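Colleague: In UniProt numbering, the protein residues as written are 1 to 107. Would you mind keeping the following structure in view while I ask a few things?
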Amino acid sequence: MEPTTKVVLVTGASSGIGEAVALRLAGEGHDVVAGARRRERLAALADRHDNIRVRRLDVTDRGDVAAFVDSAVAQFGRVARAISFAVDQPADVDVNEIIIRPTRQRG
C-alpha cells in the first residue's frame, strides 16, 4: 500500500507557480523538498510551512540535480513525484533516472 503522505520534489519553487504548488502540496500534508537558485526566497518559503524543506538548486548542473534528489531520498527514504517549474531545463539532465536509480538499488 502506498503511503498517503508523499514526498514531492518541486523545482523553481522560489516564486510563481512553483512556489504556489509547493505551498499547496505542503498544505495537503505532503512533504515537499523545494529547490531553486534564490536562497532568500527559499528561506521565506520554508518559513511558511513545516512540511517544506528547501535546498538551493541549479537545474543546469547535473551534479546539483543529483545531490538535490539524493538528499531528499536520504532524508525521507523515497520520492513519489518530481515537478519542475524551473525556467532552465537542460536536455542532458534526466530527473527520472536520478530518482529511479536509488529506488532500484534498494529493491
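Even for Gly, the Cβ is constructed at its ideal location relative to N, Cα and C. Note that this is a predicted model, so its numbers are computed, not measured.
1. Between which two residues does the alpha helix (DSSP H) carrying A67 extend?
2. Rounded to the nearest angstrom, what separates D60 and A36 at their Cα positions?
3. Go ahead and pull the three-state DSSP assignment for L42.
4. With a CB to CB cut of under 7 Å and the five nearest residues on each side skipped, what residues in its chain are close to S15?
5. Would you check if the distance between the CB atom of A67 and the CB atom of I52 is smaller than 7 Å?
Modeller: The relevant details are as follows:
1. Taken as a continuous stretch (DSSP letters only), the alpha helix (DSSP H) holding A67 covers 62 to 76.
2. This sequence places Thr at residue 60; Asp is not what is there. Here the alpha carbon of T60 sits roughly 11 Å from the alpha carbon of A36.
3. Of the three classes helix, strand and coil, the one that applies to L42 here is helix, per DSSP.
4. Excluding residues up to 5 positions away in sequence, R41 lie with their Cβ nearer than 7 Å to the Cβ of S15 in the same chain.
5. Taking C-beta atoms as the reference points, A67 and I52 fail to come closer than 7 Å.
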